[in-house]
Each structure stands twice: as structure tokens, then as C-alpha cells.
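Numbering follows numbering that gives the first Met the number 0, with no gaps: position 285 of the sequence shown is 284. Note that CB positions come from ideal geometry on N, CA and C, so glycine has one too. The model shown is predicted, which means the values in this text are computed figures rather than measured ones. Contents: one structure, followed by commentary.
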Amino acid sequence: MIKKWIYLFLILSFFMTGCWDREELDEISIVSGIAVDPGEEKKYRLTVEAIISSEFGKQSAQGNTPVVTYTMEGNSLSELSNKMNKGLTRKMVYSHTRVLYISEEVAREGLFGFLDFLDRSGQFRNDFNIMITKGSPASEFTKITYPTQKSPSLKVNSQAETFTEEWGGDPNVKLYDFISTIISKGKSPVAASLSIKGNAESGKTVENNKSLDPEALVVMDGMVVFDDEKMIGELSLEETRNYLWTQDLMQTSLSIPCGENSEEAKGYFLDARITMSKSSLEADYKNGYPHIKVNINGEARIQGLHCPQDLTKLAVFTDYEERIEDYIKKEMSSLITKVQEEYGVDIFGFGDALNRQNHKKFLEVQNQWDEEFAKAELDVYVDMHLMRSGIKNKSFNEDIEKKEKEK
0 MIKKWIYLFL
10 ILSFFMTGCW
20 DREELDEISI
30 VSGIAVDPGE
40 EKKYRLTVEA
50 IISSEFGKQS
60 AQGNTPVVTY
70 TMEGNSLSEL
80 SNKMNKGLTR
90 KMVYSHTRVL
100 YISEEVAREG
110 LFGFLDFLDR
120 SGQFRNDFNI
130 MITKGSPASE
140 FTKITYPTQK
150 SPSLKVNSQA
160 ETFTEEWGGD
170 PNVKLYDFIS
180 TIISKGKSPV
190 AASLSIKGNA
200 ESGKTVENNK
210 SLDPEALVVM
220 DGMVVFDDEK
230 MIGELSLEET
240 RNYLWTQDLM
250 QTSLSIPCGE
260 NSEEAKGYFL
270 DARITMSKSS
280 LEADYKNGYP
290 HIKVNINGEA
300 RIQGLHCPQD
310 LTKLAVFTDY
320 EERIEDYIKK
330 EMSSLITKVQ
340 EEYGVDIFGF
350 GDALNRQNHK
360 KFLEVQNQWD
370 EEFAKAELDV
380 YVDMHLMRSG
390 IKNKSFNEDI
400 EKKEKEK
């Protein structure tokens, strides 16, 4: 009988447990972004962007600023992240952080000083974006308002995702990507870069949200290249898109010259939309010399046509397909050669490809793979299928040209 009562109490105890770590929303501040700048008196200056939850509700919003920022200096992010209540009232919750802004100065000095804390700490998830800021302190990027996304960091996070899906200008590097690449001996890290277009001071006001033409915008600005944990260079937006060809870029748009030899075609462009692509990397040694190879396969369709050739002819259609392939091949070859000559680090992952394809050889060269990559011979193969020309074969430009000739 006693055992039955004991079992009964044990079973009931499971239903009587409460949420011991429960926290009320009005007792915490959710951090959506953090920014790291060099400190004036100490090593780092940390800025947190905390959401004011009442401004996100339709009924409770009063038109005030939707976020609040606070800045402190210290020698470690661990110390600073737990010290923010020196100026803020509520407990900081960092698990919803979407963007980590790092100033270019800090990135060039190196990120080991705080990456370990971010990876080790239970306060942060490892799926937030790492963005390097250019031209302005990282703290400024947590303050630029935007009409449709009340939190600056939520706006940047959404902006980066959409840009990646539609055009491919963001490498989409999360904390776990960055750390795993640093550990790898076959690939060097990269991260997206941002800049502020316009007047940053005016962009901090609520009035910036009410303008048809915002005074300031945070814009994607390409990406930066790292050697281990130190920034050593940068690539433009177009070069970033070309880099992403090697990382299975899904969609993008190209403007390809109609022709260079024909006077009639000069100044006209073929607009192609890449609707699907798949890439593979190869690396091996031939006669003791490193060789690297990129294979790109995909599908495209014509979105705009200014070229004078008749698209209804099979030969013209095939020629356009070859032009798309040649354009991609030229862009890819130019980018990889630039990275080899100027930066000398393998940001593409050819070392990882060699490790998979010839593990024994990779073990021999892994400690000096970047030097091997820098001198490797390159081949780029592109097989792009032009699926259709849109809903029309001929451009209305032809009708306009005929009309002009008849006058």
C-alpha cells in the first residue's frame, strides 16, 4: 500500500513541476544585433541593439523608436555582454541575435579575441550572420531605421536572405560556417560586407522611416577575404556573385554584350536569368604540379533582348547559349586568378576537394595548401542550357528599327 502511494506521488510530481527558468517578456530585452568596434580606452567597444517589444504590436505601438542601443567598452565580449545593465534596465537575451557587425579595423586585427566566447557561450546561437562594416563604425549599423522592418538588424538579416535568393550577392556566412572554415585546412573564411549609403545621422531618426527616399540605407557591399581569422582583402558585389558560382549559386541575372566585333551590336545587351545552377570543384596534381578545375552546369532563360539577331533561328539561339557560357567562364577565371595572385588563400574550397578526391596527396600538402593553390593551373568548364526565350521570340526593338528605316 505504501509503495502505491509513493508511486502515485512520483507520478503527480511530474505534473506539478513549473517552468523554473521562465521569464516574462516585460522583464527582458531581446537583442537583435550586436556590433564590435575598437575601443578608445579598452580593447573593444560593444554596442547592443535591443528590441522595444511594445513598438512591434499594432495596438501598443506609439510611433517611437522600435529599438534602443547601448554601448560600453571592455577587454572582452564575455565581460561586456553581462555588464550591459549598467545602462539598461532589463536582462539582455542574446539568443535571438540575427547579425554580428564587426568593424573593418577589428576584422583586420583578428577575430580570435571573441569568436571563442560566441561559440562557447550558451547565450548565443551560432546561426547569426557575420557582417564586416566599411566606411562607418559598426555601431552605426545598429541605428539606421527602415520603414518596413522596424529593427535595423532584422532588416539586414531579411535583406541578406532575399539578396542571396534573388541575385547572389551575399555569401550567407553564419558563425558556425566561419568557425568550421577557420578549422579547415582546405578553405579560408569569407564574410559579407556592408556600408551605409547616405547621411548616417539622419538615418537614425524615426523620420527616416516616413520618407519616400530614406536619408540613409544599409547596403550590401560585397565580401571580405580572411587568412585564418584576419581580414586581408575584399571583393566587389559582382565578384561576390562570381564567387558564389563555386558554392552552388541558385539564381542570378546577367547582362551580356551582344557582340564585340559587329558595329551593329555594340552597346546592346542580352539579359539572361539563371534559374538553376550546380557546381563542382576538382583538385589534383599532374606531373607534380597542382591543377584546379571548376565545373558549372545550369539553366537560363532570356529576360530582355536588345541584340539585332533573329532569335527564331536555331543558330542564333545556340550562339546566345555559348555567349552565356563564355561570359560566365571569363568572369570565373578572372576572379579565381585575382584571388590567387592578390590574396594567395583558397576561399573556394579546392583544398577540401583535394582532400576528398586524393586524401593521401592532401596530407602531404595540407600545411602549405594556400601556397599550392596560389600557383595552381586553372580550368573552368561551363555547360549552360538556354531553356526558353520568354513569352516572345522577337524583340519589339526590331519593329521600332524597321519603322525608323521606313521614315
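Cut-off 6 Å between Cβ atoms - residues of its own chain near residue i, not counting five sequence neighbours on either side
i, result
"F116", "L76 and S77"
"D126", "K173"
"Q339", "A373"
"F272", "Sequence check: residue 272 is Arg here, not Phe. S252, R300 and Q302, listed in sequence order."
"L334", "E238 and N241"
"I399", "In this predicted model, I399 has a pLDDT of only 42, less than 50, meaning its place in the structure is not dependable enough to derive any value."
"S120", "none"
Span of the beta strand (DSSP E) around residue i
i, result
"H492", "Outside the shown range of the chain, which is 0 to 406, sits residue 492, and nothing can be said about it."
"T245", "That residue, T245, is in no beta strand (DSSP E); it is neither H nor E in DSSP."
"A271", "F268 to K285"
"E233", "K229 to L234"
"G350", "Taken as a continuous stretch (DSSP letters only), G350 belongs to no beta strand (DSSP E), being part of the alpha helix (DSSP H) at F349 to Q356."
"S77", "Per DSSP, S77 belongs to no beta strand (DSSP E); it is in the alpha helix (DSSP H), L76 to S80."
"S252", "T251 to P256"
"V47", "Y43 to I50"
"I29", "I27 to P37"
"I181", "Where I181 is concerned, there is no enclosing beta strand (DSSP E), although the alpha helix (DSSP H) it sits in stretches over L174 to I182."
"E72", "V66 to G73"
"V92", "K90 to V92"
7 Å CB neighbourhood of residue i in its chain, flanking five on each side removed
i, result
"T274", "Q250, E298, A299 and R300"
"K328", "V379 and V381"
"E165", "Q250"
For residue i, the nearest candidate out of the options (CA to CA)
i, options, result
"T239", "L193, Y267 and L280", "L193"
"G350", "S332, M331 and E370", "E370"
"D118", "P65, S94 and K133", "S94"
"M222", "A159, A199 and N84", "A159"
"G167", "K149, K186 and A191", "A191"
"N128", "T96, G134 and Q122", "T96"
"D283", "T163, V224 and H358", "H358"
"I295", "K312, D318, L313 and S332", "S332"
"V67", "E40, P151, I101 and R107", "P151"
"E103", "A137, S254 and I1", "A137"
"I101", "R124, S235, T88 and T132", "T132"
"A254", "N366, R124, I1 and D325", "The identity of residue 254 in the sequence shown is Ser, whereas the question assumes Ala. Nearest of N366, R124, I1 and D325 to S254, Cα basis: D325."
"M383", "A375, K277, E376 and Q367", "K277"
"D247", "L362, L45, R124 and S279", "S279"
Cβ neighbours of residue i in the same chain (closer than 8 Å, five flanking residues each side left out)
i, result
"V315", "Q308 and D309"
"Y43", "V35, D36, P37, E72, G73, N74, S75, L76, L79, V105, G112 and F113"
"E228", "G109, L110, F111, L114, I181 and P188"
"N84", "K90 and M91"
"Q412", "Because the chain in this structure spans residues 0 to 406, residue 412 falls outside the shown range and cannot be described."
"K360", "D283, Y284 and L353"
"G197", "P213, E214, A215 and L216"
"Y69", "T46, V47, A49, M83, G86 and L87"
"S201", "N207, E214 and A215"
Start-to-end residues for the alpha helix (DSSP H) that takes in residue i
i, result
"A314", "L313 to K337"
"P151", "P151 to E165"
"F225", "Note, F225: premise wrong, no alpha helix (DSSP H); beta strand (DSSP E) at A215 to D226."
"R119", "F111 to R119"
"G202", "A199 to G202"
"V105", "E103 to E108"
"E371", "W368 to A373"
Supposed close pair residue i, residue j - CB separation, criterion 8 Å
i, j, result
"S31", "L110", "Not confirmed; about 21 Å, so no contact."
"Y267", "C306", "5 Å"
"D378", "K292", "4 Å"
"G232", "G348", "Actually they do not touch by this definition, with Cβ atoms about 18 Å apart."
"P289", "L243", "Incorrect: roughly 23 Å between the Cβ atoms, too far for contact."
"I29", "I50", "5 Å"
"I346", "V224", "6 Å"
Minimum Cβ-Cβ distance from residue i to chain D less than 8 Å
i, result
"E40", "Given the protein chain composition of this structure (a single chain), no chain D is represented."
Please determine if the stretch 208-224 and the stretch 138-147 are in contact, where contact requires at least 3 C-beta pairs separated by less than 8 Å. Three or more pairs of CB atoms, one per stretch, sit closer than 8 Å, so the stretch 208-224 contacts the stretch 138-147.
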